[in-house]
Amino acid sequence: MTPQTADDNFEIPPPEAIGHERGSLTRIVQELVFTVDHKKLGLMYIASGLLFFVVAGLMASLIRIQLAVPRNNFLEPDVFNRLFTMHGTAMVFFVGMPMLFGFANYLIPLMVGARDMAFPRLNAFGFWVFFFSGLLLFFSYLGAPGLYAAGSAPDVGWFAYSPLTAKAFSRGHSTDYWTLSILLGGIGSIATSINIIVTALCLRCKGMILGRMPLFVWIYLVVAFLIIIAIPPLSACQIMLILDRYFGAHFFDTQAGGSAVLWQHFFWIFGHPEVYILMLPGFAIASEVIPVFSRKPIFGYPVMVAASVLIAFISLGVWAHHMFAVGMTSIGNTFFAISTLLVAVPTGIKIFNWIGTMYGGKLRFELPMLFCLAFLFQFLIAGLTGVMLGVAPFDWQLTDSYFVVAHFHYVLIGGLLFTIFSGIYYWYPKALGKMPNFKLGLLHFLLFMAGFHITFFPQHISGFLGMPRRIYTYDAGRGWDLWNLISSLGVILQAAGILFFVINLIYSYVKGGKAGDDPWDAWTLEWAASSPPPDYNFETLPEVRSRRPLWDLKHPDDPDWKYE
Amino acid sequence: MTAAPAQSLEWKLPSARKVAVISLILTESSLFTIFLVAYLFYMGKSLNGPYPSEVLAFPLLATIALLSSSVTIVFSEMALHRGNKAAFHVWWAITIGLGTYFLWFTGMEWKHLIFTENLTLATNVFGTTFYALVGLHASHVIIGLLLLTLVFVLSLLGKVAGDHREHIEMISWYWHFVDAIWIVVVTVVYLISTRY
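As structure tokens, this is what we get:
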């Protein structure tokens, strides 16, 4: 018989040749490009997030070197503008977002007892769109000068207020790179979020009713809904900006009756929910780590779910607290001040529930728990400065000052990054099959925590003393010198901390002890799979009867489902 | 629960396709909301003409066509349920025809506005927001028509089988969404804003 298709020509290779080319570099690249496996994509998200994190972190270090002493000439002003724009944009869109999607991708199918995400190819699409939008942003350093020889990387700030982004004020292509990269990234985020929603709702294993779903998955479900509602306004902003810049539209053109403030409204309708899109995954990680290392089930599971939904809901109605200084009606100011303060209620409930979980528990101070404990204290400080800034008259005084910079770095580093580190140490044994080294991790923890506070706490004070954000230098004798110097010195400790983190990731992979399937004696389904889990995750799909299926398995005499 | 809970014999989960399409519709609604708000915000703020009241005429026939295409697609689905392939094809073709008429109308309207009334994206904020909003809707009509045509061609080739019922239902959901958005757009653009 003659072969009908290409497949018929396929000859089974001899046994010794199978797997021969597996280790080669081309093979590995091919596997990464072709894969639709949620675990590989999850790790690729986290790895590329870490890559962008190091780049954007180095940019921040350059900024701190420039600001260490008054009248410093280390950086040109225009270079400084590009650095803070790229730092902010990269950290929000190409570090925070991929990290949160990485954890979601890796863990949600495992936690709900499924073999993959609902739409594996859409998942791969989401990753590659994100990855190339990140490369597009950074390519602006090379591509943006182009024919115009004007501009380089974007320099309009991460929220790119109009009319600074108009063709007349932002020449060349730098702003276009920013716009297109954000637009593209948004498409990837929406695709992945729809995937998360469908996976959490439609792929749960037998017996996992919504009330038994791990809190991690619950919070991600809320985040995914928040993303699909909040990202389209950002995409709409970018479409309008492109129409303005290239087709002569007047959305943000004040000379033709357009409004520059409209950009601010539309951007922050996205921008504020974005804060919770980034922060809620931190809560999700803490809600898994704290119970396991306190040896107690989470305190107030239904209340935690309700608080997450409430945070997401309220966060859609607080955007104009970024715009108190723009000048709104007193009704507008009052409404947005009250709604902003209201977010503190469900957030406070969460903090009390985590403390309630630890109360009377048998605490184990492993690496993930250490980062979570630091997170609790630091996030509390971030929340308190947030409440202060939510009060409109206080905000008028300190808007766009270093106090604001300190506030959101306490949120995003002290809150989010610490929980990401906690999550990485917690699931490292699951993903790679090796235990992270405790001593190196402790060094990372101590150095990074000290460096973080030394860098960002003084910025509260320089903010009080009137130092505006985004200035490239300042005169001596305004009382800002000392605080800036301390702040810059803290960066050294932070960088050392990150160095130990990276060393730990590599060292533990090479030299770390074997982890086993369930090193932390945890309760959720991902620990029932082997470490690292096989491509198909579970040989037979599990069946659950309570919120802690592995507890039931380990304690058949005293299972949870008797009490839930 | 105190006793060992009797696991329900069947474990039912919502359909992945339906949840995905509902999420897609939710995210698209959010996108349309922003463009609608922009249109409403700039209503009556144009510094120069032409103004909506001078150039916009209510698109009665196109609106009737688009809205009735929502009905014909339901007839088409019902025919498929009954297993009547011929009726399915006829109603599906009528749906495509009605959608195409709507698109043709929009094209003619734009041609008139651009070449006769001299209204472009760059004329004033009315032109800016009008073309952005109606264009966004028209782009969704185009995507819908592409999907409808794809199904039509595949069905003629005999590739649409009984187990594709839900796929087709999802396309009709999307088409209903495009129609529903048009009701909002036509109300805002052709009824409310023509007072300015």
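Protein sequences, first through last, are from chains A and B. For what it's worth, this note's numbering labels the leading residue of the first sequence as 1, then goes sequentially. For what it's worth, this note's numbering labels the leading residue of the second sequence as 565, then goes sequentially. C-beta atoms are modelled at their ideal positions from N, C-alpha and C, and glycine is treated no differently. A quick note: this is a predicted structure, and the numbers were derived from the prediction, not measured.
Within chain B, the residues that residue i reaches when beta carbons sit closer than 8 Å
i: A:R204; result: L577
i: A:L262; result: A602, F605
i: A:F247; result: L685, A686
i: A:M240; result: A602, A696
i: A:V198; result: A580, V583, A584, S587
i: A:I190; result: T591
i: A:G257; result: Y606, K609, S610, L611, N688, V689
i: A:L243; result: L685, T692, A696
i: A:A528; result: By Cβ distance, chain B contributes nothing, its closest Cβ being about 18 Å from A:A528, past 8 Å.
Proximity test, residue i beta-carbon vs the ligand COA heavy atom, cut-off 8 Å
i: B:T627; result: The ligand COA is not part of this structure, which contains no ligands at all.
Range of the contiguous alpha helix (DSSP H) that encloses residue i
i: A:N537; result: Unbroken run through A:N537: none, as it is neither H nor E.
i: B:V685; result: According to the sequence provided, residue 685 of chain B is Leu. The question's Val does not apply to it. Counting along the chain, B:L685 falls outside any alpha helix (DSSP H), and DSSP gives it neither H nor E.
i: B:Y665; result: 649-679
i: A:M304; result: 301-315
i: A:S174; result: 174-202
i: A:G49; result: 38-67
i: A:D481; result: 481-511
i: B:E733; result: 729-750
i: A:C237; result: 215-247
i: A:D116; result: First-last for A:D116: undefined, no H or E at that position.
i: A:P291; result: 260-294
i: B:R646; result: 624-646
i: A:G88; result: 77-89
i: B:V619; result: 616-619
i: A:F169; result: Careful: A:F169 lies outside any alpha helix (DSSP H) and carries neither H nor E.
i: A:L110; result: 97-111
Cross-chain neighbours of residue i in chain A, by beta carbon under 8 Å
i: B:V749; result: Ordered by position in chain A, no residue passes the 8 Å Cβ test against B:V749, which lies about 15 Å from the chain.
Within chain B, partners of residue i - CB distance below 9 Å
i: A:S308; result: None at all; the shortest Cβ gap to chain B is about 18 Å.
i: A:P228; result: Sequence check: residue 228 of chain A is Ile here, not Pro. Result: S587, L588, L590, T591, S594.
i: A:F251; result: A602, Y606, V689, T692, T693, A696
i: A:L201; result: L577, P578, A580, V583
i: A:A118; result: A580, V583, A584
Interface residues of chain B facing residue i [CB-CB closer than 7 Å]
i: A:M235; result: Sequence inspection shows Ser at residue 235 of chain A; the Met mentioned does not correspond to that position. Simply L595.
i: A:I194; result: A584, S587, L588
Assigned secondary structure, residue i (DSSP; H/G/I helix, E/B strand, else coil)
i: A:P468; result: strand
i: A:E543; result: strand
i: B:S579; result: coil
i: A:S162; result: coil
i: B:K723; result: coil
i: A:S24; result: coil
i: A:S530; result: coil
i: A:S401; result: strand
i: A:K439; result: helix
i: A:K430; result: helix
i: B:P569; result: With a pLDDT of only 49 at B:P569, under 50, the local geometry of the prediction cannot be trusted, and the value read off the model is given with reservation. Here B:P569 sits in coil by DSSP.
i: A:K554; result: helix
i: A:K562; result: helix
Within chain A, the residues that residue i reaches when beta carbons sit closer than 7 Å
i: B:I598; result: P232, P233, A236, F266
Interface flag, residue i vs chain E, CB-CB below 9 Å
i: A:G207; result: Annotation note: the requested chain E is absent from the structure, which comprises protein chains A and B.
(request) Report the residues of the stretch 688-707 of chain B with a CB closer than 7 Å to any CB of chain A, ordered along the chain. (result) Correct list: N688, V689, T692, A696.
(request) With 9 Å as the limit, tell me which residues of the stretch 605-619 of chain B have their beta carbon closer than that to any beta carbon of chain A; keep them in chain order. (result) Listed by position along the chain: F605, Y606, K609, S610, L611, N612.
(request) Pull out every residue of the stretch 488-520 of chain A whose Cβ sits closer than 7 Å to any Cβ of chain B, in chain order. (result) Here the close residues number zero.
(message) Which runs of the alpha helix (DSSP H) at least 4 residues long sit entirely within the stretch 340-417 of chain A? Give them in chain order.
(response) DSSP assignment within the stretch 340-417 of chain A yields the following whole alpha helix (DSSP H) runs of 4 residues or more, N-terminal first: 367-390, 392-398, 402-409.
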